[in-house]
Amino acid sequence: QQQQQQQQQQQQQRPPTKVEQTNSLELGKGLYYDSITGLHVARGLTVELIAQTGEPVQFVPRGMGTASSYYGGNRELTHATTSTGTSGGGRRDSGSCVFHSKPDGAATFYDPTVHRDGGFHYCINSERDQYGGFFCLEMDSDCRVVDYVKRLGGHPNDGCFEPSNAVRTRWNCNGGKTPWDTWVSCEEIERDEGGGYCWQVDPYGRREPQRIMSIGTGEWEAMAVDARYSVPVFYFSEDDRDGAVRQMTPRSGRYGAAGWDTLHDDQAEVRYLVLRQDRTFYWSSRLGEGRDSAVRSFPNVEGIAFDVVDGVPHLFFVSKRLEMLFTLNFDTNRWYSSSTNGPMVGEGDFRSDPDAIVPVAGKYLFIAEDGGGSPGVFMK
20 QQQQQQQQQQ QQQRPPTKVE QTNSLELGKG LYYDSITGLH VARGLTVELI AQTGEPVQFV
80 PRGMGTASSY YGGNRELTHA TTSTGTSGGG RRDSGSCVFH SKPDGAATFY DPTVHRDGGF
140 HYCINSERDQ YGGFFCLEMD SDCRVVDYVK RLGGHPNDGC FEPSNAVRTR WNCNGGKTPW
200 DTWVSCEEIE RDEGGGYCWQ VDPYGRREPQ RIMSIGTGEW EAMAVDARYS VPVFYFSEDD
260 RDGAVRQMTP RSGRYGAAGW DTLHDDQAEV RYLVLRQDRT FYWSSRLGEG RDSAVRSFPN
320 VEGIAFDVVD GVPHLFFVSK RLEMLFTLNF DTNRWYSSST NGPMVGEGDF RSDPDAIVPV
380 AGKYLFIAED GGGSPGVFMK
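Next up, the structure:
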């Protein structure tokens, strides 16, 4: 323990990397090397290590600034055990609750009724084989960690607070954020092992995790949502050679305003993407047709995202096996493809498998690279 404390103190006492100041963020340009994290970062961004697999998460001390003012200032943090001392830099350990392994899909969440003084939750999947799950770091308005909890899965003896309604999950890969600020966590379990489920999870723990039954089991990867209308339309990707891209449309008005129950409509319509050779596409009611199209045109789909670009709705997804980005134009009903190894914005080379994708301001896509010697996040 003394050795661990000394290492933590040394890390916190290391001087920050000197970065040339800039008044604007130039994404993908002017990369500098951050010596503490070992990352190359675009000028205008700073980077800080806040948690590391297998090590206790460091919290700000209770009573410091905004971290103590949540819930009237007397809220008990929900991790399992805490140490009474600090480990340098004015922070305290989370005790035996260590940061989870194999972090994957993630999102941030803000609820003004919870984050009264600012701050947010940063929540991340764990793609562990037997004890995957979904975990949340709670941040204050200064981006300091004030708590760390598990909301789905995890190991029963991982030292973290164990809810009475704990559910075990596996291979929680990516997922997606809903318009009502919940997370869909997708299990990437091979179909010959029974397949996995996609689960809706409340990042604040106010509801029990719930399976999305209308799409059944599969080797799930990610979810995207078209929220332009009162009843959203959801899209799911499956990381398999014949993994069909699903479109799930809940019945209009069954649950009133869109919310948690919308994803659990047992009579939702599920259709499957089919790409034609003439570069048009349609959605079929037959799963076999969708699987055949995947084998021919887009095997092993990873990230999927919806965005409106120049007023036109688009669905984007990437094929890991082909290293291709696919774009569906919903106005023209036509599809396009381009190599993910092609030109990116700014500096750096994308050389390995495409993974998660995130739309940026209706203009760009962030594409995460998986594998290789120096994977990164690029903009296309």
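With this note's numbering applied, the sequence shown corresponds to residues 20 to 399, in that order.
Even glycine gets a Cβ: it sits at the ideal position worked out from N, Cα and C.
Q.
Considering only the alpha carbon of each residue, which of G391, D329, F349 lies closest to V379?
A. Against the sequence shown, residue 379 aligns to sequence position 360. Of the candidates G391, D329, F349, the residue whose Cα lies closest to the Cα of V379 is D329.
Q) Can you tell which of E342, K399, V76 has the C-alpha that lies nearest to the C-alpha of G367? A) Taking the sequence shown and counting its residues from 1, the one referred to as residue 367 is at position 348. A check of alpha carbon separations from G367 across E342, K399, V76 identifies K399 as the nearest.
Q) At which residues does the alpha helix (DSSP H) containing E74 begin and terminate? A) To locate residue 74, count along the sequence shown from 1; it is residue 55. Careful: E74 lies outside any alpha helix (DSSP H) and carries neither H nor E.
Q) Shortest alpha-carbon distance to A61 belongs to which of W354, G47, I55? A) The sequence position of residue 61 within the sequence shown is 42, counting from 1. Comparing C-alpha distances from A61 to each of W354, G47, I55 shows the shortest one belongs to G47.
**Q.** Straight-line Cα distance separating F139 from D130
**A.** Numbered from 1 along the sequence shown, position 111 holds the residue referred to as residue 130. Numbered from 1 along the sequence shown, position 120 holds the residue referred to as residue 139. Going by the C-alpha atoms only, they are around 7 Å apart.
Q | Whole-angstrom distance between G49 and F397, CA atom to CA atom | A | Mapped onto the sequence shown, residue 397 falls at position 378. Mapped onto the sequence shown, residue 49 falls at position 30. Each residue's alpha carbon lies about 14 Å from the other.
Q) How would you write the range of the beta strand (DSSP E) that S312 sits in, first residue to last? A) What you label residue 312 is simply residue 293 of the sequence shown in a count that begins at 1. Element bounds for S312: not the beta strand (DSSP E) but the alpha helix (DSSP H), 306-316.
Q.
I'd like to check one pair, E257 with W279: are the Cβ atoms closer than 7 Å?
A. On the sequence shown, residue 279 is found 260 positions in, with the first residue counted as 1. On the sequence shown, residue 257 is found 238 positions in, with the first residue counted as 1. In this structure, W279 keeps its C-beta atom at 7 Å or more from the C-beta atom of E257.
Q.
Suppose you measure from the CA of T351 to the CA of G235; what does that come to, to the nearest Å?
A. Start at 1 with the first residue of the sequence shown, and residue 351 comes out as number 332. Start at 1 with the first residue of the sequence shown, and residue 235 comes out as number 216. Cα atoms of T351 and G235: separation of roughly 30 Å, rounded to the nearest angstrom.
Q) Going along the chain, which residues of its own chain have a beta-carbon closer than 6 Å to the beta-carbon of Y52, five neighbours each way excluded? A) Along the sequence shown, read from residue 1 onward, the residue named residue 52 stands at position 33. Excluding sequence neighbours, Y52 sits near H59.
Q | Beta-bridge partners of G215, as assigned by DSSP | A | The sequence position of residue 215 within the sequence shown is 196, counting from 1. Paired residues: G237.
**Q.** Secondary structure, beta strand (DSSP E): runs of 3+ residues fully inside the segment 242-268
**A.** Runs of the beta strand (DSSP E) inside the segment 242-268: 252-257, 265-268.
Q | Backbone secondary structure at L292 - three-state DSSP | A | Position 273 of the sequence shown, counted from the first residue, corresponds to residue 292. In the three-state reduction of the DSSP assignment, L292 falls in the strand class, which pools E and B.
Q. Taking the alpha-carbon positions, what's the D374 to N319 distance?
A. Indexing the sequence shown from 1 puts residue 374 at position 355. Indexing the sequence shown from 1 puts residue 319 at position 300. Each residue's Cα considered, the two are about 10 Å apart.
Q: Please state whether DSSP places A86 in a helix, a strand or coil.
A: Translated into the one-based positions of the sequence shown, residue 86 becomes position 67. The predicted model places A86 with a pLDDT of 36, which falls under 50 and marks its position as unreliable; any figure quoted below should be read in that light. The answer is helix: DSSP assigns A86 an H, G or I state.
Q) Quick one: what's H283 bridged to in DSSP? A) Against the sequence shown, residue 283 aligns to sequence position 264. Beta-bridge pairing links H283 to no other residue.
Q | Backbone secondary structure at R210 - three-state DSSP | A | Taking the first residue of the sequence shown as 1, we reach residue 210 at position 191. Of the three classes helix, strand and coil, the one that applies to R210 here is helix, per DSSP.
(Q) I believe W218 touches R210 by the beta-carbon criterion, under 8 Å. Please report the beta-carbon distance rounded to the nearest angstrom. (A) On the sequence shown, residue 218 is found 199 positions in, with the first residue counted as 1. On the sequence shown, residue 210 is found 191 positions in, with the first residue counted as 1. With a contact defined as Cβ atoms closer than 8 Å, W218 and R210 miss out at about 18 Å.
Q) What number of angstroms, rounded off, separates the C-alpha of E39 from the C-alpha of P251? A) Taking the sequence shown and counting its residues from 1, the one referred to as residue 39 is at position 20. Taking the sequence shown and counting its residues from 1, the one referred to as residue 251 is at position 232. Interpretation of E39 is limited by its pLDDT of 44, a score under 50 that renders its predicted location unreliable; no figure is taken from the coordinates.
(Q) Please list the terminal residues of the continuous beta strand (DSSP E) segment that includes F325. (A) Here residue 325 refers to the residue found at position 306 when the sequence shown is read from its first residue. Segment 320-328, the beta strand (DSSP E) holding F325.
Q | Contact under 7 Å by Cβ, C142 with C162 | A | As a working note, residue 142 is residue 123 in the sequence shown. As a working note, residue 162 is residue 143 in the sequence shown. No. Outside cutoff.
Q) How is the beta strand (DSSP E) around T9 delimited, first residue to last? A) Residue 9 falls outside the range modelled here, since the chain spans only 20 to 399, and no answer is possible.
Q: Note down the Cα distance separating P332 from R270, rounded to an integer number of angstroms.
A: If you number the sequence shown from 1, residue 332 lands on position 313. If you number the sequence shown from 1, residue 270 lands on position 251. Each residue's Cα considered, the two are about 21 Å apart.
(Q) For a test of the three-state rule: what should DSSP assign to F180, helix, strand or coil? (A) Residue 180 sits at position 161 when you count from the first residue of the sequence shown. In the three-state scheme derived from DSSP, where H, G and I count as helix and E and B as strand, F180 is classed as coil.
Q) Excluding sequence positions up to five away, which residues of its chain have a Cβ less than 8 Å from the Cβ of R305? A) Here residue 305 refers to the residue found at position 286 of the sequence shown. Result list for R305: Y291, in chain order.
Q: Please state whether DSSP places H119 in a helix, a strand or coil.
A: Here residue 119 refers to the residue found at position 100 when the sequence shown is read from its first residue. Looking at H119 - three-state DSSP - the assignment turns out to be coil, as it is neither helix nor strand.
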